[in-house]
Amino acid sequence: DIDVDFCERRRGEVIEYVTRKYGRENVSQIITFGTMKAKAVVRDVGRVLDLPYADVDRIAKQIPPALDMTLEKAIAENAVLRDMRDKDPRVKDVLEMGKRLEGMSRNAGVHAAGVVIAPGPIVDYAPLYKSNRDEITTQWAMKEVERVGLLKMDFLGLSTLTLIQDALAEIRRTEGVDLDIDGVALDDPKTYQVFCDGQTYGIFQFESSGMRELLRKSKPQRLDDLIALNALYRPGPLKSGMVDDYVARKQGKTEVKYDLAALEPILADTYGVIAYQEQVMRIAAVLAGFTLGQSDVLRKAMGKKDPKVMAKQREAFLEGTKKKGISDKKATKIFELMEYFAGYGFNKSHSTAYAFLAYQTAFLKANYPRHFAAALLTIEAANTDKLALYIAECRERGIQVLPPDVNESQLHFSVVPEGVRFGLTAIKGLGEGAIQAILEVRSRVGRITALHQLAEELDLRLANRRVFEALVKGGACDRLVTTGEGRQAAPKDGRARLMRGLDLAIEHGARVQRDREQGQANLFGEAVPSASDAPDGAVPDGPGWSEMEWLAFEKEALGLYLSGHPVDRHASDLRTFGARTVGDLLATEVPGSDDGAPGRLVIEDVTVGGIVSAVRALKTKKGDPMAVLTLEDHQGSVEVVVFPETFGRFRQFVEVGALLLVKGKFERDDDSSRFQAVELSSLEGLRERLARAVSIHLSASTHSRSTLEALWDVLKQYQGDRPIVLELELAQDSRRVRVRANVTPQIRVRPSEQLVSAVERVCGAGSVVLQ
């Protein structure tokens, strides 16, 4: 069984190569059998019993999505599911039949990586299976193939290799540098600084929070350090204290001692800690005269901890050390040390290959940060959680991530002078056909200057209204809107105008394309007039979106908040209030325990602010309602559990899209984290308590007397006790001058999210600041 990693996009080429090289008759992929999992078996049984789809879906949704979930566990854990079973005999039938069928083979598929190469025609060694899609595989699954002695190759697609290839291609395209990634210097200070600072998001094997904390503690300075950390960062060594011992020795806090001088050249790289299986083998060879074969038997025996085999190995080791003149006392101590560490030992050759790959990715991140970021964002384009995390890190490192643009965006994320440009494939609702059509229009007509021009040039059979909506909401058409003065409109206002003009533009585009296909000309023999020169009035004027509307539409199109985050406007208030960020909580180190049990972190009486992105309604065994929320800010998301007592007092705040301040207890262990809420309140209330005044910004060039009259009407609806400051932007001698004026004390307002939204609808997004 041999595993080889390849760039995931070109894995198919490797299979095709192997097939050509060894003969189509001698090579086959391996079958896999899909089994009936808990959710799937419920849906299958429900369909056979002719239950309405909605009823079956209701049952299936009560089964948690965990990988090891069974119907038995789901019924035990979920009171709602038990209640459904007890009250409805049809649900009981589905669950009982499902339990009997659960785990059985449901369908045949192709193994994700496994390929068999035989010395002759496969049919002489294994039965074959042909699917209805003409895929040929063995009838035996992976374990049976290995058992009969056939060579199984695992051709694995590794996204890190694809990331490196994409980054190198961008470097070649933008810098004209043909970088040999396999030949880069292994002592680059900037690369090791990335590791020392724990800035390893996107770095293969080194991006978990625990590993980043370990990197900051250990300060690696050479490849050997990375190899050791990669081998040691596993549950066994972490819980045994080996990792802490290694760090203390590396930093000189603990003296490195060797029981025998012969051990120093073997263990010097890991400061006297036995981290690798190869070290165990070398110690046995050097001290006891074991052959490599005997050393490997010892390694396996130590790993399996078989008492009978270990007794024989100890005897052979002591006999060998006696011949080398080593005392039984020292030899016994060394053997026991080997035995202890061998249970945690890792394969150094494996760790070296992965550490080298990690170094290469870190080299790109340190020396070509924009190119690395573009490649990383491309790889994770479909994973919006990771995409948001990596974009946040880009901002922290000073790399600007620009919104998509119909004139500049490539298929994938790409490097531009200002930073990294969003790729068209990351926009939700854009199929491959629509994207290729946009790129084809650009290559044919050059720069697109107006929405109407895009509509008349883009093949409307491939790009329907949903495609145009996604482009506008995601910001890809921001630069297609100009003000009456010919200046580019602010994106927040421009997107609203474009949405209002979509139907007109699409109707116009359809008419132009229809006339073009029919070869129609006007009375004077000229071509059908193009709307690329259509007046700006073709995009209807009107109020812009509020910031919340604008951000919500952006998330709908991109799957994340790119231009900002709903919580951002409350950031200073949250800091004043002493609230923590989600990222801050998740980055807090989980302390270890002396008995080797999993570590656990508990922070009492902590407050965090964010927007509710998901709500899962539950009931306790007693039937009391409760909920689990997903609360997110610009740094990440955390699960918030609202137990019945808290839910009863604050249930009015439990809804998707609510901006909340949550107070409670944060708990985290090695595998998961959660927040137990004791109090919920609206962030609007926080702003109302902290704001001293309301500042409203207006531009004299874009707002008229009617705007002021509409603003006055809005302010009268939200009267309160906070003063209003009006900031006017005036054009004077080709300069822009800002004038601040306190509005008459006859009207004061109550700061709130509703006030902000109402004012922004009149004066434009971003025009209000609560001071």
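Quick note: the sequence shown uses our numbering, first residue 601, plus one each step.
For every residue, glycine included, the Cβ atom is placed at its ideal position computed from N, Cα and C.
Give the C-beta separation of residue i and residue j to the nearest angstrom, bearing in mind that I take them to be a contact with Cβ-Cβ under 8 Å.
| i | j | result |
| --- | --- | --- |
| Glu762 | Arg658 | The sequence given here has Thr at residue 762, not Glu. With a Cβ gap of about 40 Å, Thr762 and Arg658 do not count as contacting. |
| Gly1374 | Leu1062 | The first residue shown for the chain is 601 and the last is 1371, placing residue 1374 beyond what the model contains. |
| Met881 | Leu892 | 7 Å |
| Glu1373 | Gly1101 | There is simply no residue 1373 to check, as the chain begins at 601 and stops at 1371 in what is shown. |
| Val1212 | Glu1255 | 7 Å |
| Thr632 | Ala741 | 6 Å |
| Arg1071 | Ile1035 | Residue identity differs from the one stated: residue 1071 is Leu in this sequence, not Arg. Actually they are not in contact, since the Cβ atoms of Leu1071 and Ile1035 sit about 10 Å apart, beyond 8 Å. |
| Thr984 | Gly1159 | 4 Å |
| Gly943 | Gly903 | 7 Å |
| Gly698 | Val745 | Rounded, the Cβ-Cβ distance is 31 Å, inconsistent with contact. |
Label residue i either buried or exposed according to how many other C-beta atoms from any shown protein chain fall within 10 Å of its C-beta, with 16 as the threshold for buried.
| i | result |
| --- | --- |
| Tyr792 | buried |
| Tyr1318 | buried |
| Arg1216 | exposed |
| Tyr990 | buried |
| Lys929 | exposed |
| Phe1022 | buried |
| Arg544 | Not covered by the structure: residue 544. The range shown for the chain is 601 to 1371. |
| Val1238 | buried |
| Glu1353 | buried |
| Trp1312 | exposed |
| Met938 | buried |
| Val1240 | buried |
| Ser705 | exposed |
| Glu1204 | exposed |
| Ser1014 | buried |
| Ala981 | buried |
| Met722 | Going by the sequence as given, residue 722 is Ile instead of Met. The residue is buried, with at least 16 neighbouring Cβ atoms inside 10 Å. |
| Gly776 | exposed |
| Gln879 | buried |
| Lys857 | exposed |
| Ile663 | buried |
| Gly1094 | buried |
| Arg772 | exposed |
| Ile883 | buried |
| Ser895 | buried |
| Arg899 | buried |
| Tyr876 | buried |
I'd like the list of long-range same chain contacts for residue i, defined as Cβ closer than 7 Å, with 5 residues on each side in sequence excluded.
| i | result |
| --- | --- |
| Val614 | Phe606 and Phe755 |
| Ala992 | His1234 and Gln1235 |
| Arg914 | Phe935 |
| Lys718 | Contrary to the premise, residue 718 reads as Ala rather than Lys in this sequence. Answer for Ala718: Asn626, Tyr725 and Leu750, listed in chain order. |
| Gly1210 | Val1167, Val1182, Leu1231, Glu1232, Asp1233 and Leu1260 |
| Leu976 | Leu763, Gly802 and Tyr990 |
| Lys850 | Ser818 and Tyr871 |
| Thr760 | Phe804, Leu957 and Thr961 |
| Lys639 | Ala660 and Ile663 |
| Ala1291 | Arg1322, Pro1351, Leu1370 and Gln1371 |
Leaving out five residues before and five after residue i in sequence, what residues of the same chain have Cβ atoms less than 6 Å from its Cβ?
| i | result |
| --- | --- |
| Ile874 | Phe941 |
| Lys1221 | Ala679 |
| Leu1080 | Ala1050 and Leu1051 |
| Val618 | Val627 |
| Thr800 | Phe806, Glu807 and Arg812 |
For a test of your reading of the model: does the CB of residue i fall under 8 Å from any non-hydrogen atom of the ligand ADP? Yes or no.
| i | result |
| --- | --- |
| Lys900 | Among the components modelled here there is no ligand, and therefore nothing to report on the ligand ADP. |
If I measure Cβ to Cβ from residue i and keep anything under 8 Å in the same chain, skipping five residues before and after, which residues do I get?
| i | result |
| --- | --- |
| Val1242 | Met1226, Ala1227, Val1228, Leu1229, Phe1250, Val1254, Ala1277 and Leu1280 |
| Pro1244 | Thr1220, Asp1224, Pro1225 and Met1226 |
| Val1006 | Ile1038, Arg1042, Ile1048, Leu1054, Leu1071, Ala1076, Cys1077 and Leu1080 |
| Cys1363 | Ile1296, His1297, Leu1298, His1303, Thr1307 and Leu1311 |
| Ile866 | Gln879, Arg882, Ile883 and Val886 |
| Ala674 | Ala638, Gln662, Ile663, Pro664 and Leu681 |
| Leu1098 | Leu1051, Val1072, Cys1077, Leu1080, Val1081 and Val1139 |
| Ile781 | Ile764, Leu768, Gln960, Phe963 and Leu964 |
| Val748 | Tyr725, Ala726 and Trp740 |
Quiz item: Which ranges would you report for the beta strand (DSSP E) in the region 652-693 if only whole runs of at least 3 residues count?
Solution: As far as the region 652-693 is concerned, it has no whole beta strand (DSSP E) run of at least 3 residues.
Exercise. Could you pull out every unbroken alpha helix (DSSP H) segment of at least 4 residues lying fully inside the region 806-851, listed in chain order?
Key: 809-818, 823-832, 835-840 and 842-850
Self-check item: Contiguous alpha helix (DSSP H) assignments of at least 4 residues, all confined to the region 1154-1242
Solution: 1171-1177 and 1182-1187
Exercise. Identify every run of the alpha helix (DSSP H) within the region 1093-1123, keeping only runs that are complete inside it and at least 4 residues long; order them along the chain.
Key: none
Quiz prompt | Runs of beta strand (DSSP E) wholly within the region 1042-1070 (minimum 3 residues, chain order) | solution = none
Quiz item: Is the region 700-717 touching the region 627-644, taking contact as three or more C-beta pairs under 8 Å?
Solution: Yes, since at least three Cβ pairs between the region 700-717 and the region 627-644 fall closer than 8 Å, the two stretches touch.
Self-check item: Stretch pair the region 1009-1016 + the region 1158-1172: three plus CB contacts closer than 8 Å
Solution: no
Quiz prompt | contact_flag[the region 812-830, the region 951-967] where n(CB pairs < 8 Å) is 3 or more | solution = yes
Quiz item: Are three or more beta carbon pairs between the region 690-697 and the region 644-652 nearer than 8 Å?
Solution: At 8 Å Cβ cutoff, the stretches touch.
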